[in-house]
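Note sheet for the following structure.
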Amino acid sequence: MPAHSKMSSKAVVAAGAGACMLAMSRGFVAPSAPLSSNRVLSAGAATSATPVSQASAGGVSTFAVGGAALAAGLATASASTSRRVKAKATKAVAVMPRGSVVARQARGGEEDTRVCIPLEELRNTDVEKVGGKSASLGEMISQLSEVGVPVPGGFSTTSFAYKEFLDKGGINEFINDQLSDESIYTDVNKLMQVGKAIRDKIMDTPFQLDFEEELKKQWERVSGGSETFTFAVRSSATAEDLPDASFAGQQETYLNVMGYADMKQKVHLVFASLFTDRAISYRHDRGFEHEKVQLCATCQKMVRSETGSAGVMFSLDTESGFKDVVFVTSAFGLGETVVGGTVNPDEWYVFKPTLEEGKNAIVSRTMGSKKVKMI
Numbered sequence: 576m577p578a579h580s581k582m583s584s585k586a587v588v589a590a591g592a593g594a595c596m597l598a599m600s601r602g603f604v605a606p607s608a609p610l611s612s613n614r615v616l617s618a619g620a621a622t623s624a625t626p627v628s629q630a631s632a633g634g635v636s637t638f639a640v641g642g643a644a645l646a647a648g649l650a651t652a653s654a655s656t657s658r659r660v661k662a663k664a665t666k667a668v669a670v671m672p673r674g675s676v677v678a679r680q681a682r683g684g685e686e687d688t689r690v691c692i693p694l695e696e697l698r699n700t701d702v703e704k705v706g707g708k709s710a711s712l713g714e715m716i717s718q719l720s721e722v723g724v725p726v727p728g729g730f731s732t733t734s735f736a737y738k739e740f741l742d743k744g745g746i747n748e749f750i751n752d753q754l755s756d757e758s759i760y761t762d763v764n765k766l767m768q769v770g771k772a773i774r775d776k777i778m779d780t781p782f783q784l785d786f787e788e789e790l791k792k793q794w795e796r797v798s799g800g801s802e803t804f805t806f807a808v809r810s811s812a813t814a815e816d817l818p819d820a821s822f823a824g825q826q827e828t829y830l831n832v833m834g835y836a837d838m839k840q841k842v843h844l845v846f847a848s849l850f851t852d853r854a855i856s857y858r859h860d861r862g863f864e865h866e867k868v869q870l871c872a873t874c875q876k877m878v879r880s881e882t883g884s885a886g887v888m889f890s891l892d893t894e895s896g897f898k899d900v901v902f903v904t905s906a907f908g909l910g911e912t913v914v915g916g917t918v919n920p921d922e923w924y925v926f927k928p929t930l931e932e933g934k935n936a937i938v939s940r941t942m943g944s945k946k947v948k949m950i
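In structure tokens:
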């Protein structure tokens with residue numbers, strides 16, 4: 576497949592850079608707007624807009640679209656529009672510079688000591704700085720803006736900030752002491768006690784002043800200082816969605832976060848969630864050293880979906896692994912109900928080659944009950 580076709584396919588079906596890039600992400604398309612090929616691109620690939628899901632798989636994305644019209648939009652995409660999208664996407668990828676992020680990175684191989692970084696300055700090579708989720712959202716903002724894909728902005732705390740918090744707060748020694756007893760990995764009650772003790776220690780330790788100042792500065796930049804501006808605060812680990820290990824759902828995500836005080840508390844809770852019982856056990860079982868994993872907080876503008884729908888889109892058939900279809904699930908409101916399995920969603924299978932030709936591409940559709948709506 577030519578390079579431009581690959582880009583188009585990745586954009587339209589939300590394959591992107593794989594699970595790390597598109598897991599736990601959403602976008603919004605107004606219910607009244609017709610879904611042309613361009614609109615499908617916005618509803619699918621850039622669906623990395625808002626944080627809802629804790630799903631993870633190869634090329635998985637969650638999204639929000641107006642009504643339940645995604646399937647119809649996919650089916651009616653015109654071939655000519657699809658070609659224009661491909662051309663724009665190819666051009667955007669070829670010429671998009673790293674911009675200000677390069678200028679602001681530490682020189683001479685030194686560690687970047689910033690404690691918060693705007694998503695607009697991040698790329699998918701910055702996983703060690705801000706974790707997989709934040710780095711991937713930054714890449715999408717950079718690469719897809721010229722193709723008309725709206726990815727809401729925000730900022731991310733850094734792995735440097737997390738390490739400084741643990742070091743200066745004296746938390747590392749406490750964690751190492753608590754986790755030194757191997758019996759906790761075979762005794763569920765002990766594991767629960769140790770996990771709670773570590774999380775309590777993290778929550779009882781205040782942030783450093785310089786971190787709080789920068790956190791508030793970034794909150795004001797994105798929200799304009801409005802106490803009613805809503806964020807999603809999401810976990811972004813330096814180890815997640817690896818080929819041999821998936822950390823999906825082990826750390827926390829918080830939606831509809833309003834005001835600086837609430838955001839600061841949720842960032843604190845995200846930091847503590849690196850030591851949930853299941854996360855501690857999983858890292859131990861997989862051979863990951865606890866101190867080698869840092870957790871960052873992705874703070875991103877919420878995209879409202881009260882009047883629309885949200886869901887999860889896989890770039891392949893999750894049961895057979897067949898790569899030429901897109902598997903879409905959707906329900907009313909926020910996508911958390913789909914991800915958590917609390918609703919029976921609508922489902923579509925879309926055939927990629929037919930979609931590329933601008934023809935009717937839906938090969939299967941099933942209507943779910945969708946009895947619950949989360950706003």
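As numbered in this note's numbering, residues 576 to 950 make up the sequence shown, in order. The C-beta atom is built at its ideal place from N, Cα and C for all residues, glycine as well. Fair warning: this is a prediction, and the values are worked out from it, not measured in the lab.
**Exposure of E827, with buried meaning 16 or more beta-carbon neighbours within 10 Å** = Against the sequence shown, residue 827 aligns to sequence position 252. Classification of E827: buried, given that the 10 Å Cβ count is 16 or more.
**Item:** E739 versus K704: straight-line alpha-carbon distance, rounded
**Value:** The residue labelled residue 739 in the question sits at position 164 within the sequence shown. The residue labelled residue 704 in the question sits at position 129 within the sequence shown. Here the alpha carbons of K704 and E739 stand approximately 13 Å from one another.
**alpha helix (DSSP H) runs wholly inside the stretch 724 to 754, at least 4 long, in chain order** = Taken in chain order, the complete alpha helix (DSSP H) segments of 4 residues or longer contained in the stretch 724 to 754 are 734 to 743, 746 to 753.
**Beta-carbon proximity check, V808 vs K841, cutoff 7 Å** = For the purposes of this step, residue 808 is taken as residue 233 along the sequence shown, with counting starting at 1. For the purposes of this step, residue 841 is taken as residue 266 along the sequence shown, with counting starting at 1. Their beta carbons are under 7 Å apart, which means V808 touches K841 by this criterion.
**Request:** Determine the burial state of K708: buried for a count of at least 16 other Cβ atoms within 10 Å of its Cβ, exposed for fewer.
**Result:** What you label residue 708 is simply residue 133 of the sequence shown in a count that begins at 1. For K708, the number of other beta carbons within 10 angstroms of its own is at least 16, and it is reported as buried.
**Request:** Determine the contact status of P920 and A906, defining contact as a CB-CB distance below 7 Å.
**Result:** By 1-based counting over the sequence shown, the position of residue 920 is 345. By 1-based counting over the sequence shown, the position of residue 906 is 331. P920 places its beta carbon less than 7 Å from that of A906.
**beta strand (DSSP E) segment containing M888, residue limits** = Against the sequence shown, residue 888 aligns to sequence position 313. Per DSSP, M888 is one residue of the beta strand (DSSP E) stretching across 883 to 889.
**Message:** Taking the alpha-carbon of T882 as reference, which of F926, F786, G908, Y737 has the nearest alpha-carbon?
**Reply:** Taking the sequence shown and counting its residues from 1, the one referred to as residue 882 is at position 307. Comparing alpha-carbon positions, the option among F926, F786, G908, Y737 lying closest to T882 turns out to be G908.
**Asked** Counting pairs of Cβ atoms below 8 Å between the stretch 829 to 841 and the stretch 888 to 896, do you hit three or more?
**Response** Three or more Cβ pairs closer than 8 Å define a contact, and the stretch 829 to 841 falls short of that threshold against the stretch 888 to 896.
**Under 7 Å between C-beta atoms of V769 and Q753** = Against the sequence shown, residue 769 aligns to sequence position 194. Against the sequence shown, residue 753 aligns to sequence position 178. Yes, the pair counts as a contact, with Cβ atoms nearer than the cut-off.
**Prompt:** Can you give the Cα-Cα distance for E748 and D762, rounded to whole angstroms?
**Reply:** Numbered from 1 along the sequence shown, position 173 holds the residue referred to as residue 748. Numbered from 1 along the sequence shown, position 187 holds the residue referred to as residue 762. Distance between the alpha carbons of E748 and D762: 22 Å.
**Prompt:** With 16 other CB atoms within 10 Å as the buried threshold, where does M838 fall?
**Reply:** For this step, residue 838 is matched to residue 263 along the sequence shown. Counting the other Cβ atoms within 10 Å of the Cβ of M838 gives 16 or more, which makes it buried.
**Prompt:** Is S811 helix, strand or coil when you go by DSSP?
**Reply:** Translated into positions along the sequence shown, residue 811 becomes position 236. In this structure, S811 counts as strand in the three-state DSSP scheme.
**Item:** Between the CA atoms of A847 and L870 - distance to the nearest angstrom
**Value:** Position 295 of the sequence shown holds residue 870. Position 272 of the sequence shown holds residue 847. For L870 and A847, the distance between alpha carbons rounds to 9 Å.
**Request:** Can you tell me which of the three DSSP states R940 falls into?
**Result:** Your numbering for residue 940 matches position 365 in the sequence shown. In the structure shown, R940 falls within a strand segment according to DSSP collapsed to helix, strand and coil.
**Prompt:** So K876 is in the beta strand (DSSP E); what residue range does that whole segment cover?
**Reply:** Working through the sequence shown from its first residue, we reach residue 876 at position 301. For K876, the enclosing beta strand (DSSP E) covers residues 870 to 876.
**Message:** In this structure, how does DSSP classify F782 when only helix, strand and coil are distinguished?
**Reply:** Residue 782 sits at position 207 when you count from the first residue of the sequence shown. Coil at F782, not helix or strand.
**Request:** Take C874 as the anchor and find which of E802, E714, E686, P693 has the nearest alpha-carbon.
**Result:** For the purposes of this step, residue 874 is taken as residue 299 along the sequence shown, with counting starting at 1. Among E802, E714, E686, P693, the Cα nearest to that of C874 belongs to P693.
**Prompt:** Out of curiosity, what's the CA-to-CA distance linking H843 and G910?
**Reply:** Along the sequence shown, read from residue 1 onward, the residue named residue 843 stands at position 268. Along the sequence shown, read from residue 1 onward, the residue named residue 910 stands at position 335. About 24 Å.
**Asked** Beta carbon of T813, beta carbon of V724: below 7 Å?
**Response** Residue numbering aside, residue 813 sits at position 238 when the sequence shown is read from its first letter. Residue numbering aside, residue 724 sits at position 149 when the sequence shown is read from its first letter. It is not a contact, given that the beta carbons lie outside the stated cut-off.
**Message:** Only counting the same chain, and skipping five residues up and downstream in sequence, which positions put a Cβ closer than 8 Å to that of P928?
**Reply:** By one-based count along the sequence shown, residue 928 stands at place 353. Contacts found: D899.
**Item:** 8 Å contact criterion, which R698 and G713 should meet: CB distance rounded
**Value:** Taking the sequence shown and counting its residues from 1, the one referred to as residue 698 is at position 123. Taking the sequence shown and counting its residues from 1, the one referred to as residue 713 is at position 138. Confirmed, about 6 Å.
**Prompt:** Nearest to D785 by CA position, among C691, E721, G728, K771, is which residue?
**Reply:** Looking up residue 785 in the sequence shown gives position 210. D785 has its Cα closest to that of C691, out of C691, E721, G728, K771.
**Message:** Taking its Cβ as the centre, do 16 or more other Cβ atoms sit within 10 Å of P727, making it buried, or is it exposed?
**Reply:** For the purposes of this step, residue 727 is taken as residue 152 along the sequence shown, with counting starting at 1. Buried, because 16 or more other Cβ atoms sit within 10 Å of the Cβ of P727.
**Asked** Is the CB-CB distance between D852 and M767 below 7 Å?
**Response** Looking up residue 852 in the sequence shown gives position 277. Looking up residue 767 in the sequence shown gives position 192. Their beta carbons are under 7 Å apart, which means D852 touches M767 by this criterion.
**Prompt:** Looking at the structure shown, is T912 part of a helix, part of a strand, or coil, going by DSSP?
**Reply:** Taking the first residue of the sequence shown as position 1, residue 912 is located at position 337. DSSP, read as helix, strand or coil, puts T912 in helix.
**Spatial neighbours of T917 in its chain, beta-carbon cut-off 7 Å, leaving aside the 5 residues before and after** = For the purposes of this step, residue 917 is taken as the residue at position 342 of the sequence shown. Excluding residues within five positions, the ones whose Cβ falls inside 7 Å are V947.
**Request:** Tell me, please, which residues DSSP counts as bridged to Y924.
**Result:** If you number the sequence shown from 1, residue 924 lands on position 349. Answer is F902, S939.
**Prompt:** Can you give the beta carbon distance from K876 to F806, rounded, assuming they're within the 8 Å contact cut?
**Reply:** For the purposes of this step, residue 876 is taken as residue 301 along the sequence shown, with counting starting at 1. For the purposes of this step, residue 806 is taken as residue 231 along the sequence shown, with counting starting at 1. That belief holds up - the Cβ atoms of K876 and F806 are roughly 6 Å apart, short of 8 Å.
**Request:** Could you check if G683 is buried or exposed, using at least 16 other CB atoms within 10 Å of its CB as the buried criterion?
**Result:** The residue you call residue 683 lines up with position 108 of the sequence shown. Low per-residue confidence applies at G683: pLDDT is 42, beneath 50, and the placement is therefore not dependable enough to give any value.
**Message:** With distance defined between alpha-carbon atoms, name the residue in E922, F804, E788 nearest to A885.
**Reply:** Start at 1 with the first residue of the sequence shown, and residue 885 comes out as number 310. Distances from the CA of A885 to each of E922, F804, E788 were compared; the closest alpha carbon is that of E922.
**Identity of the residues DSSP links to M949 by a beta bridge** = What you label residue 949 is simply residue 374 of the sequence shown in a count that begins at 1. Looking at the DSSP output, M949 shares a beta bridge with G908.
**Request:** Can you grab the Cα-Cα spacing for the pair F850 / K945, in whole Å?
**Result:** Position 275 of the sequence shown holds residue 850. Position 370 of the sequence shown holds residue 945. Spanning the two alpha carbons is a distance of roughly 33 Å.
**Prompt:** In this structure, what does DSSP give as the bridge partners for V832?
**Reply:** Walking along the sequence shown from the start, residue 832 turns up at place 257. Answer is F806, bridged to V832.
**Message:** Closest to T941 by C-alpha separation, out of E931, V925, K934, E932, would be which residue?
**Reply:** Residue numbering aside, residue 941 sits at position 366 when the sequence shown is read from its first letter. Shortest Cα-Cα distance from T941 to any of E931, V925, K934, E932 involves V925.
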